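Numbering (the numbering used here), first residue to last: 1 to 153. Where is the CB? At the ideal position from N, CA and C, for every residue including glycine. These figures come from a predicted structure and were not determined experimentally. Below is one structure, written out as structure tokens; the observations come after it.
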């Protein structure tokens, strides 16, 4: 079995910890990674919207990855991180518990997300990868960041 470190070429992903699970985000969608900063709540926003942060003069909504992935809400702590991604021309922050690693993944390493009877569960992941015995899900920004929800934020 091939491991990520043996892959000669492929796509790079940032792995983050959300609760006790690890997920990956395509590094090409990431603009920056910031330590947690207090956010400003937004009235009437969806439960997954933690609030808004000021990113060098740009107001950026911060989405709780745990809530969006159906893992329950998370409580930001000083060790939490905000992964700022560009999605449909907008900057969005994704709240995660920690950054783990940068992982090179080839297409043949990606396995389809198993059907668990709930399309929302499988839609939020663009596939899964075995990394050193761990199962790591590849986050689909299209599924976890619906445009209508961002407009509500």
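When DSSP assignments are scanned along the region 71-149, the uninterrupted stretches of alpha helix (DSSP H) that are 4 or more residues long and fall wholly within it turn out to be 119-123, 141-144. CA-CA distance, residue 97 to residue 30, rounds to 16 Å. According to DSSP, residue pairing for residue 61 in a beta bridge involves 52. Contact annotation, residue 93 with residue 61: C-beta distance approximately 7 Å; criterion of less than 8 Å satisfied. Around residue 126, the same chain offers 138, 140 as residues with beta carbons nearer than 6 Å, after the five sequence neighbours per side are excluded. A straight line joining the alpha-carbon of residue 59 with that of residue 123 spans about 28 Å. Leaving aside the five residues that flank residue 101 on each side, the residues in its chain whose CB is nearer than 6 Å to its CB run, in chain order, 15. Put simply, the backbone Cα of residue 78 is about 11 Å away from that of residue 34. Nearest to residue 55 by C-alpha distance, out of 67, 66, 39, is 39. Note that the C-beta distance between residue 99 and residue 13 is not below 7 Å. Per the coordinates, the alpha-carbon of residue 103 lies some 16 Å from the alpha-carbon of residue 21. Taking C-beta separations shorter than 8 Å and ignoring five residues to either side along the sequence, the partners of residue 24 in its chain run 13, 14, 15, 16, 103, 105, 129, 136, 137, 138, 139, following chain order. At a Cβ-Cβ threshold of 7 Å, residue 36 and residue 74 do not count as neighbours. Taking the C-beta atoms as reference points, residue 84 is found nearer than 7 Å to residue 91. The DSSP-derived three-state label of residue 24 is strand. Approximately 6 Å separates the beta-carbon atoms of residue 18 and residue 71; this is inside 8 Å, confirming the contact.
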